[in-house]
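The block underneath contains the structure these notes are about, expressed in C-alpha cells.
There are 2 protein chains.
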Amino acid sequence: MTVTLADVAARAQVSPATVSRVLNGNYPVAAATRERVLKAVDELDYVLNGPASALAAATSDLVGVLVNDIADPFFGIMASAVQSEIVGPGGRAGGERLAVVCNTGGSPERELTYLTLLQRQRAAAVVLTGGAIEDAAHVAAVASKLRRLAEAGTRVVLCGRPPVPDAGAVALTFDNRGGGRELTEHLLGLGHRRIGYVAGPEERTTTRDRLEGHREALAAAGVEESPGLVVHGSYDRAAGYAATRELLGRDSSLTAVVAANDTVALGACAALREAGLRIPEDVSVAGFDDLPFSVDAVPALTTVRLPLAEAAARAGRIAMGREAAPVGGVDVVGGELMVRGSTGVPRGV
Amino acid sequence: MTVTLADVAARAQVSPATVSRVLNGNYPVAAATRERVLKAVDELDYVLNGPASALAAATSDLVGVLVNDIADPFFGIMASAVQSEIVGPGGRAGGERLAVVCNTGGSPERELTYLTLLQRQRAAAVVLTGGAIEDAAHVAAVASKLRRLAEAGTRVVLCGRPPVPDAGAVALTFDNRGGGRELTEHLLGLGHRRIGYVAGPEERTTTRDRLEGHREALAAAGVEESPGLVVHGSYDRAAGYAATRELLGRDSSLTAVVAANDTVALGACAALREAGLRIPEDVSVAGFDDLPFSVDAVPALTTVRLPLAEAAARAGRIAMGREAAPVGGVDVVGGELMVRGSTGVPRGV
DNA sequence: TTGAAAGCGGTACCAA
DNA sequence: TTGGTACCGCTTTCAA
Numbered sequence: 001m002t003v004t005l006a007d008v009a010a011r012a013q014v015s016p017a018t019v020s021r022v023l024n025g026n027y028p029v030a031a032a033t034r035e036r037v038l039k040a041v042d043e044l045d046y047v048l049n050g051p052a053s054a055l056a057a058a059t060s061d062l063v064g065v066l067v068n069d070i071a072d073p074f075f076g077i078m079a080s081a082v083q084s085e086i087v088g089p090g091g092r093a094g095g096e097r098l099a100v101v102c103n104t105g106g107s108p109e110r111e112l113t114y115l116t117l118l119q120r121q122r123a124a125a126v127v128l129t130g131g132a133i134e135d136a137a138h139v140a141a142v143a144s145k146l147r148r149l150a151e152a153g154t155r156v157v158l159c160g161r162p163p164v165p166d167a168g169a170v171a172l173t174f175d176n177r178g179g180g181r182e183l184t185e186h187l188l189g190l191g192h193r194r195i196g197y198v199a200g201p202e203e204r205t206t207t208r209d210r211l212e213g214h215r216e217a218l219a220a221a222g223v224e225e226s227p228g229l230v231v232h233g234s235y236d237r238a239a240g241y242a243a244t245r246e247l248l249g250r251d252s253s254l255t256a257v258v259a260a261n262d263t264v265a266l267g268a269c270a271a272l273r274e275a276g277l278r279i280p281e282d283v284s285v286a287g288f289d290d291l292p293f294s295v296d297a298v299p300a301l302t303t304v305r306l307p308l309a310e311a312a313a314r315a316g317r318i319a320m321g322r323e324a325a326p327v328g329g330v331d332v333v334g335g336e337l338m339v340r341g342s343t344g345v346p347r348g349v
Numbered sequence: 001m002t003v004t005l006a007d008v009a010a011r012a013q014v015s016p017a018t019v020s021r022v023l024n025g026n027y028p029v030a031a032a033t034r035e036r037v038l039k040a041v042d043e044l045d046y047v048l049n050g051p052a053s054a055l056a057a058a059t060s061d062l063v064g065v066l067v068n069d070i071a072d073p074f075f076g077i078m079a080s081a082v083q084s085e086i087v088g089p090g091g092r093a094g095g096e097r098l099a100v101v102c103n104t105g106g107s108p109e110r111e112l113t114y115l116t117l118l119q120r121q122r123a124a125a126v127v128l129t130g131g132a133i134e135d136a137a138h139v140a141a142v143a144s145k146l147r148r149l150a151e152a153g154t155r156v157v158l159c160g161r162p163p164v165p166d167a168g169a170v171a172l173t174f175d176n177r178g179g180g181r182e183l184t185e186h187l188l189g190l191g192h193r194r195i196g197y198v199a200g201p202e203e204r205t206t207t208r209d210r211l212e213g214h215r216e217a218l219a220a221a222g223v224e225e226s227p228g229l230v231v232h233g234s235y236d237r238a239a240g241y242a243a244t245r246e247l248l249g250r251d252s253s254l255t256a257v258v259a260a261n262d263t264v265a266l267g268a269c270a271a272l273r274e275a276g277l278r279i280p281e282d283v284s285v286a287g288f289d290d291l292p293f294s295v296d297a298v299p300a301l302t303t304v305r306l307p308l309a310e311a312a313a314r315a316g317r318i319a320m321g322r323e324a325a326p327v328g329g330v331d332v333v334g335g336e337l338m339v340r341g342s343t344g345v346p347r348g349v
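The listed protein sequences derive, respectively, from chains A and B. Counting in full-length UniProt numbering, the first sequence runs from 1 upward without gaps. Counting in full-length UniProt numbering, the second sequence runs from 1 upward without gaps.
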C-alpha cells in the first residue's frame, strides 16, 4: 500500500538504517549513497510515517500552542509568530515542526484537556499564551500537568502568564501592570478625570495586573476612583460593548474609557458611537494590546505598544533551544514599554 | 519512566490487550474487569501514547485545518467551528481528536508543505478553508496531494473553495458571486453610481467570483464600470487601507466602496476617515463576510450574511461521517454543499 | 470474555 | 561509512 522506508531502502540498494540517516541528516553518509537514497525517495514519492518515527524516537515534531480565543487577532498574531519560529533543527525540507493551535476558549477544563492531548502526542513543545486563570485548584492542576510534560521531555513556554515553579518552563511575561498604569497616565495627562474601566474576566492574571496599574495611576495623580466605574467582562467585542453601555448608564459624565484589550476597545467604541458620542472628541478610548487593526479605532493606543508577535516568536525560539544571547531584561523591544522575561534568564535551554 | 499500557495491565492483573479494549471501548469487556482497569489507569495517571497508537492503528486522531491567515478573525471562527465539531466517535474522555490549525499565509508552497506534514502524521481528516489559488500548476499539485491523502484514509473537506475532482472530498462552497452581486445591488439601490471596489488578491477564486458578481450587478443596472475603480490587494486591513487611498486618489467623487471582505473593509473605513470622509454620510462601505466585530463599522454588511461558522461546523461533521439531515439554507448535493447567505435559499450545485 | 503474540514503520546501538 | 537488528507502545487477529 503506502510506501515505507524499507521500500526506499530496497530501491536504493541500501539498508533501512541508511535511509533513516539520510532523511534525518544527523549522521555521516557518503554523498553518492545519499544521492541514491534521495532519488529513490523522490521516485517513490515517499512520505515519512510520523507516528512510527515519533514512537521510535520517543518524541514528535508537534508543537502545541494554547490560545484563549482563536477568533481574537491577538492570539492569531501570537500563534503565527510561534509558528514561524519553530523550524526544526535539521533544516531539512521535510524536517519541519507542525504547530498545533488549540483553542481553549478560556475554559479551565479545555486547557487541561488539551494539555493531556498534547502529552499524549508526546509534543516537542507546548506554548501557553495569554493570561492565566487564578483559581488555585486549576493553577495547581496546570502546574502538575506541565511538570509531567517537562519530565517527558516536552519543552514548556509560558507567554504572557506568570511562571510556574519547578516546571522547567521558559516564561516570557508582559508588564501588564506597567502598561495599565501608562494607559491611564496618558488619559490623565489629557486632562481626563472621570475614567471608566472595562476590565477583563475576573480571576485572570492579566485582568488583575492591568487593573492594578490603572488604580496605581489614579492614586498617584490623586484622583479618587469613583465607585462603579470598573466593569468586568470577557475579552471580546460583545463584552466591551455591553460593559461600556453599562458604564454610560452608571455615569454619563465620563470622558474617557480604558479597555482591558483591543478587542474590547472595539466594542467600547461601538457603544460610544451608538450613544451619539464621538471619539476622541467626546470620549477618549484606550486599548491595551498591540493589534494593527485597532490603531485608529483606539487613538490613545500608541502610548502603549507591546511587540507581542516578536515576543511570542522569541519565546518559541527559546523553547526550541536556539536562542543566541540571553533575553535579558528589555532588549526584546525597542518600544515604549518593556517586555521582560520573568527570570531574565532563559532556563531549560 | 513513563507509564505504559503494560504497566496498567500488570497493575490491573489483566493482559495489555484487555486494557487496550477498555480504553478504546469498542470491544466487550466484563464490567468488573473494566472497573479494575480504569482504576489502575487512574492510579497510575496513565496517558496513552498517541504515536504508538497511531502506528498500530494506522490512523491518528489529528485533524488538520488549513487557513489562509490565522490573524483574520474569519478563519478563527472557521477553525473553532471545526474544532468544536470533531469530537471523536468513541465519546470517551480521552477519545478526542486534536485540531491542528495550520497557517498558510496564502502561500502555495506552505499549503503544500502543510499538506505533506499532515500526510506524514496520518491525519484523520484535513479541512481546507478559504479561497483557493487559481494557478494551474498549484491546483494540480494540491489535487494530487489530496488524492493521496484520501487514498491513505484521510478525509478531505473543502470549505469555501471549489471541489477537486476525484479527491473523494466533501466540498462546501459559498455563493461568492451571488453575494458580490447583492452587495453592489444594495449600494445601487441606495442611489450610488460611482462605486469603488477593493478586490482581494489576483488569482484567488473568491476574488474572482465576488468581482464577477459586482460587475454583474453593475451591468444589470446599466451602470458602466469606470476604469480604475477596482484595486486588488491582499485580504488584510493594510491592503484595504492602501487600496482605498488609491481609489480616492484616482476618483475623489466616488460615493461608495465595496470591500472584498470585512477585514479589508476595516482598512477602507480607516482610509476614508483619515481623508475626512464620514461613513455612511459621505461614503457607504460594504464588506463581504459575516464577522461580528465589523457590523457597525460596515453598516451595509447586513445585506449579506453567511453563517460561516455553522457551515464550517457542518463540513466538519460531514467529514467525520455523522451528518444527519440538511437544514434550512444549506443543502447537501452529492457530497457538495452550497451555502447561500443572502437569501437563505440553497442553490443547485 | 480474555490472553498470547505478531506486527505497525522507524530509530539507534552495536558490529563490521 | 554501512548493515543488522533489537526495541518503541499499542492494536488486533487467533485461540483458548
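All C-beta atoms in this analysis are idealised placements derived from N, C-alpha and C, irrespective of residue type, glycine included. Small disclaimer: the values here were computed from a predicted structure and weren't measured.
Does the beta-carbon of residue 100 of chain B, which I'm using as the reference point, lie nearer than 6 Å to any heavy atom of the ligand MG? As for the ligand MG, it is missing from this structure, which has no ligand bound.
Counterpart residues of residue 269 of chain B in DSSP-defined beta bridges: DSSP, once it has assigned bridges, lists no residue as partnering residue 269 of chain B.
Would residue 167 of chain A and residue 147 of chain A be called neighbours here (beta carbons separated by less than 7 Å)? Against a cut-off of 7 Å, the Cβ pair of residue 147 of chain A and residue 167 of chain A comes out as a contact.
Expressed to the nearest angstrom, what Euclidean distance is found between the alpha-carbon atoms of residue 113 of chain B and residue 123 of chain B? If you take the alpha carbons of residue 113 of chain B and residue 123 of chain B, they lie about 14 Å apart.
By the three-class DSSP mapping on this structure, what secondary structure does residue 2 of chain B have? For residue 2 of chain B, the secondary structure class from DSSP, reduced to helix, strand or coil, is coil.
Counting only beta-carbon separations shorter than 7 Å, does residue 92 of chain A have a partner in chain B? Its pLDDT being 34, under 50, residue 92 of chain A is placed unreliably by the model, and the measurement read from it follows with that caveat. No, residue 92 of chain A does not count as interfacial toward chain B.
Please list the partners that residue 107 of chain B has in chain A, where partner means a Cβ-to-Cβ separation under 8 Å. Below the 8 Å Cβ cutoff, chain A contributes no neighbours of residue 107 of chain B, its closest Cβ being approximately 12 Å away.
Buried versus exposed call for residue 145 of chain B [16 or more other C-beta atoms within 10 Å across all chains shown]: Result: buried.
Work out the CA separation of residue 99 of chain A and residue 351 of chain A for me, nearest whole Å. Nothing can be reported for residue 351 of chain A, as the shown portion of chain A is limited to 1 through 349.
Does DSSP put residue 198 of chain B in a helix, in a strand, or in coil? Residue 198 of chain B falls in the strand class under three-state DSSP.
Name the residue from A:50, A:259, A:160 and A:277 whose alpha carbon lies nearest to the alpha carbon of residue 286 of chain A. Of A:50, A:259, A:160 and A:277, the smallest CA-CA separation from residue 286 of chain A is found for A:259.
Based on Cα-Cα distance, which residue from B:82, B:178, B:78 and B:72 lies nearest to residue 78 of chain A? Closest by C-alpha distance to residue 78 of chain A, out of B:82, B:178, B:78 and B:72, is B:72.
How many angstroms separate the CA atom of residue 265 of chain A from the CA atom of residue 164 of chain B? Roughly 42 Å between the two C-alpha positions.
Three-state class that DSSP yields for residue 288 of chain A in the structure shown: In the three-state reduction of the DSSP assignment, residue 288 of chain A falls in the coil class, being assigned neither a helical nor a strand state.
Is residue 158 of chain B helix, strand or coil by DSSP? Judged by DSSP in its simplified three-state form, residue 158 of chain B adopts strand.
Tell me the DSSP secondary structure of residue 37 of chain B in three-state form. Helix.
Residue 48 of chain B, DSSP secondary structure in three states: DSSP, reduced to helix, strand and coil, places residue 48 of chain B outside both helices and strands of the structure shown, so it counts as coil.
Suppose the cutoff is 7 Å on Cβ atoms and the five residues either side in sequence are ignored; what does the same chain contact list for residue 205 of chain A look like? Taken in chain order, the residues that qualify are 131, 132, 134, 161 and 162.
Listed by chain order, chain A residues near residue 86 of chain B by CB distance under 8 Å: Neighbours of residue 86 of chain B on chain A: none; closest Cβ ~12 Å, over 8 Å.
Where does residue 81 of chain B land, buried or exposed, given buried means 16+ other C-beta within 10 angstroms? With 16 or more other Cβ atoms within 10 Å, it is buried.
Taking only beta-carbon positions, decide if residue 13 of chain B is within less than 7 Å of chain A. Chain A, which has no Cβ nearer than 7 Å to the Cβ of residue 13 of chain B, makes this no.
What separation, rounded to the nearest whole angstrom, lies between the Cα atoms of residue 47 of chain B and residue 263 of chain A? Distance between the alpha carbons of residue 47 of chain B and residue 263 of chain A is about 37 Å.
Measuring straight from C-alpha to C-alpha, what distance separates residue 211 of chain B and residue 159 of chain A? Roughly 41 Å between the two C-alpha positions.
Beta-carbon separation (whole angstroms), residue 179 of chain A vs residue 233 of chain A, contact threshold 8 Å: Wrong, their Cβ atoms sit about 19 Å apart, outside the cutoff.
Please classify residue 235 of chain B as buried or exposed, where buried requires at least 16 neighbouring CB atoms within 10 angstroms. With 16 or more Cβ atoms within 10 Å of its Cβ, residue 235 of chain B is classed as buried.
Among A:202, A:221 and A:207, whose alpha-carbon lies nearest the alpha-carbon of residue 189 of chain A? For the residues A:202, A:221 and A:207, the minimum Cα distance to residue 189 of chain A belongs to A:221.
Three-state secondary structure assigned by DSSP to residue 11 of chain B: In the three-state scheme derived from DSSP, where H, G and I count as helix and E and B as strand, residue 11 of chain B is classed as helix.
I want to see whether chain B comes within less than 7 Å of residue 411 of chain A, judged by CB atoms only; does it? Lying outside 1 to 349, the shown extent of chain A, residue 411 of chain A is not represented and no answer is given.
Within 10 angstroms of the Cβ of residue 51 of chain B, are there 16 or more other Cβ atoms? Answer buried if so, exposed if not. Buried: at least 16 other Cβ atoms inside 10 Å.
For residue 209 of chain B, which option in B:175, B:240 and B:237 has the closest C-alpha, if you only look at C-alpha atoms? Minimum Cα distance to residue 209 of chain B is reached at B:175.
Report, in whole angstroms, the separation of the C-beta atoms of residue 74 of chain A and residue 261 of chain A, which I expect to be a contact under 8 Å. Contact between residue 74 of chain A and residue 261 of chain A holds: CB atoms are separated by about 7 Å, below the 8 Å threshold.
Give the secondary structure of residue 438 of chain B by DSSP, where H, G and I count as helix, E and B as strand, and everything else as coil. The structure shown does not extend to residue 438 of chain B, since chain B is modelled only from 1 to 349, so the question has no answer here.
Given that a residue counts as buried once 16 or more other Cβ atoms are within 10 Å of its Cβ, and exposed if not, what is residue 34 of chain A? Residue 34 of chain A counts as buried, since no fewer than 16 other beta carbons sit within 10 angstroms of its beta carbon.
State the Cα-Cα distance for the pair residue 67 of chain B and residue 9 of chain B, rounded to the nearest angstrom. In this structure, the alpha-carbon of residue 67 of chain B lies about 42 Å from that of residue 9 of chain B.
In whole angstroms, what separates the C-alpha of residue 331 of chain A from that of residue 187 of chain B? With a pLDDT of only 30 at residue 331 of chain A, under the threshold of 50, the placement of this residue in the model should not be trusted, and no figure is reported.
Three-state class that DSSP yields for residue 232 of chain B in the structure shown: Taken through DSSP and simplified to helix, strand or coil, residue 232 of chain B comes out as strand.
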